[in-house]
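Report on the structure given below.
Written out as structure tokens, the structure is:
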């Protein structure tokens, strides 16, 4: 089969601890092992489409992303494209043999610290599959050696199982039918390489310790402590089955098992015909401890006993009694054994005995699987000083139950603990998909600065979801911090979910108008065109033009040079809004834009403006029947609200009278309907809550009016400046939905 001319290149970086752990596993994984890899849309080469069955090469690289390390050939077994990115499953193949250094050069960068993309299709030249076992082994070693300059992997031990031998030196293979006798010790021959070591057996080579774990737990003993590999990089790890049957064995390098290869294989042992239930029972009888120790033998057998007892159904209904059994009768048999202490801590954790968990898990260097998560949660729930960052680094976030366990516990923690965890996971501990599971439930409880960091980090993977969370977190556009405002307006969100952003855009516009930054105002208008639905674009443009006029015209009504300078962008914005409003055929928009045009350019002053206004009037004439129907619906809505509003005074804060609102006072039975300029709020302190209703016309009034009303303690509802929208706002104020008004 001829090699492909090009390959899908999948780049994986190591800055985030969770991804670094996955990269270490990927380098030494057996062929056909599967891995999930996800990329946000911004990291994909333009137009990239991935096919199931497509050949690929996985490469490792980190800043400054000048070179790549091809570590595995792979095949795409699943590819799911979403609006936010690409989720892949790949089955790894052999290690690539690099024949040309050109294959190690990364694509050209446009950013000083980031690659242009993480997934792209590029030439396959310079890479080939190994032709022999020797070439495969050398390709594996070379891939590890190329990581020498990458400090993220400086302390990692990359390993592979060469063979597993019985006591007579015969290889144990599943297909050979060879079994160990119970009590015999097998030897796992493990080849180990560390990127920072030239010679595995040299005097400066790292001392290695290997932990042996099994599934079912406690059924296998063994391991090595503080030994060096030989000159060939081989480490010999004893493994002893404690019970008969097949055992899944895992070898982990300590004290940082997640940053080194975790090796898995299976061994099979003959059942022990001499084992009896009486012996197992004697180990937990409350008789002399010496008898129990003699029967059980060593701490590994104690752990095996724990696992046998755990399978008895009686404990499922009484977890507290299970903990008592372990604490009072089993733990004293092997009080210092980390596996036994871990089993007792797990039982304590299940019933919320956090103080017991803390006491048992007092040495992180001896943690077993799951201990770090239990110690973290127990410490934070109990209020014990806890090294949050160190414990999080010991949690394997590629294991779903760990992510789910922390996600379940996080909302129950105090705010200070939530803050510590959020800060730590943001600092490179976990990837985007884990952040998106952990942090949304507690997002509302974070301080503004930390909430902004969370949103900034997580939004690229799910911008629509995080837009909803951000607007819930900061529901008032007049109170949203400037940095948050800039951030949420930068997200790439489909316009079918962005209508609520219109007042936030106007808030940003007002901020830049106040600072005289007309260029930035025009940029925001362009952003609104790609961000908002068309009707909201028109409203934002109209309001933006009003702000420019008011900011530069002055109280005397003479714009002067500044006013003349603002005329061109304001005029352009309003003419564009008029074109859009006419095209949409929305009478409310037509009235609003025509009113804004006439407010600045009286009839006869500008032929282009006159033509635009005439076209808008034509829209209104064409929609006369529709307007009549709308007037009828608005009148019906007003009659529903009349019993609540009769005799009240409604204040409209936003300047010019609202077109079509003249009859509202009669329809609602109001004592008075008053329009106020947004800069004149001297009346606000005299508001009577039992008599007055205040409506803020948000795309006219701006944040200063909102701030002044807040300072005066005035409650208000926001509305757009049309009769229908004002009725909607009054319905919200009264708690009555009324009949539907027409958009």
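Numbering (this note's numbering), first residue to last: 36 to 778.
No residue lacks a Cβ here, since even glycine has one placed at the ideal position from N, Cα and C.
In this text the structure is predicted, and so the values were computed from the model without any measurement.
(1) DSSP three-state label for residue 74, please.
(2) Using the C-alpha atoms, what's the distance from residue 185 back to residue 483?
(3) Report the partner residues of residue 707 according to the DSSP bridge assignment.
(4) Please return the same chain residues whose Cβ sits closer than 6 Å to the Cβ of residue 74, not counting the five positions on each side in sequence.
(5) When burial is assigned at 16 or more other CB atoms within 10 Å of the CB, is residue 45 buried or exposed?
(6) Is residue 274 closer than 7 Å to residue 245 when the C-beta atoms are compared?
(7) Look at the Cβ atom of residue 612, then the Cβ atom of residue 573, and state whether they are nearer than 7 Å.
(8) Hey, could you find the ends of the alpha helix (DSSP H) residue 636 is sitting in?
(9) Bridge partners of residue 229, per DSSP?
(10) Run through DSSP, which three-state label would residue 552 get?
(11) Please work out which residues of its chain come closer than 7 Å, Cβ to Cβ, to residue 569, disregarding the five sequence neighbours upstream and downstream, and give them in chain order.
(12) Just checking my contact of residue 720 with residue 764 at CB under 8 Å: how many whole Å lie between their CB atoms?
(13) In whole angstroms, what separates the C-alpha of residue 691 from that of residue 712?
(14) Based on Cα-Cα distance, which residue from 577, 49, 725, 79 lies nearest to residue 537?
(15) From residue 312 to residue 363, what distance separates their C-alpha atoms?
(16) Return yes when the Cβ of residue 389 is within less than 7 Å of the Cβ of residue 346, no when it is not.
(17) Kindly identify the DSSP beta-bridge partner or partners of residue 300.
(18) Alpha carbon to alpha carbon, how far is residue 323 from residue 368?
(19) Which same chain residues end up closer than 6 Å to residue 753 when comparing Cβ atoms and leaving out the 5 residues on each side of it in sequence?
(20) Terminal residues of the continuous beta strand (DSSP E) containing residue 359?
(21) Should the stretch 110-118 be regarded as contacting the stretch 57-65, the criterion being three or more beta carbon pairs within less than 8 Å?
(22) Pull up the distance between the alpha-carbon of residue 336 and that of residue 254, whole angstroms please.
(23) Is the stretch 76-93 close to the stretch 189-208, with three or more CB pairs under 8 Å?
(24) Determine, using beta-carbon pairs with one atom in the stretch 414-432 and one in the stretch 389-401, whether at least three such pairs fall under 8 Å.
(25) For residue 357, which residues from the same chain have a beta carbon less than 6 Å from its beta carbon, with the 5 sequence-adjacent residues on both sides left out?
(26) If we require 3 or more residues per run, which beta strand (DSSP E) segments fall completely within the stretch 116-191?
(27) Which whole-angstrom value describes the C-beta separation of residue 286 and residue 223, a residue pair presumed to lie in contact below a C-beta threshold of 8 Å?
(28) Just to confirm the assignment: which complete alpha helix (DSSP H) runs, minimum length 4, are found wholly within the stretch 470-531?
(29) So if DSSP puts residue 215 in a beta bridge, which residue, or which two residues, is it bridged to?
(30) Starting from residue 442, follow the alpha helix (DSSP H) in both directions and report where the run begins and ends.
(31) With distances taken from CA atoms, which of 282, 655, 271, 258 is nearest residue 251?
(32) So, at 7 Å on beta carbons, what are the nonlocal neighbours of residue 777 in its own chain, with the 5 sequence-adjacent residues on each side left out?
(33) For the beta strand (DSSP E) that residue 41 lies in, which residues bound it at each end?
(34) Helix, strand or coil: how does DSSP classify residue 96 here?
(35) Alpha carbon to alpha carbon, how far is residue 295 from residue 260? Give it in angstroms, no decimals.
(36) Does the beta-carbon distance from residue 32 to residue 304 come in below 7 Å?
Straight from the coordinates:
(1) Correct three-state label for residue 74: strand.
(2) 35 Å
(3) Note: residue 707 sits in a beta bridge opposite 684.
(4) Its chain contains 120, 121, 153, 154 as the residues whose beta carbon lies nearer than 6 Å to that of residue 74, once the 5 sequence neighbours on both sides are disregarded; these appear in chain order.
(5) buried
(6) no
(7) Yes, the pair counts as a contact, with Cβ atoms nearer than the cut-off.
(8) No alpha helix (DSSP H) contains residue 636, which DSSP labels as neither H nor E.
(9) Answer is none; residue 229 lacks a bridge partner.
(10) coil
(11) 615, 619
(12) A Cβ-Cβ separation of about 22 Å leaves residue 720 out of contact with residue 764 under the 8 Å criterion.
(13) 7 Å
(14) For the options 577, 49, 725, 79, the alpha carbon positioned closest to that of residue 537 is the one of 577.
(15) Because residue 312 sits at a pLDDT of 39, beneath the cut-off of 50, its placement in the model cannot be relied upon, and the point is left open.
(16) Cβ atoms of residue 346 and residue 389: not closer than 7 Å.
(17) 284
(18) The predicted position of residue 323 is uncertain, since its pLDDT is 32 and thus under 50; a value taken from the coordinates is nonetheless stated next. Rounded to whole angstroms, residue 323 to residue 368 spans 11 Å at the Cα level.
(19) 731, 733
(20) Looking at the DSSP string, residue 359 is not in any beta strand (DSSP E); the run it does join, the alpha helix (DSSP H), is 354-360.
(21) no
(22) Counting only the Cα atoms, residue 254 lies some 8 Å from residue 336.
(23) no
(24) yes
(25) 350, 382.
(26) 120-127, 154-158
(27) Rounded to whole angstroms, the Cβ separation of residue 286 and residue 223 is 6 Å, and the two are in contact under 8 Å.
(28) 483-493, 498-508, 517-523
(29) 304
(30) 435-444
(31) 282
(32) Summary for residue 777: the model assigns pLDDT 33, below 50, so the residue's position carries little reliability, and this model does not support an answer.
(33) Per DSSP, residue 41 belongs to the beta strand (DSSP E) from 41-47.
(34) The answer is coil: DSSP assigns residue 96 none of H, G, I, E or B.
(35) 16 Å
(36) Residue coverage of the chain in this structure runs from 36 to 778, which leaves residue 32 outside it and unanswerable.
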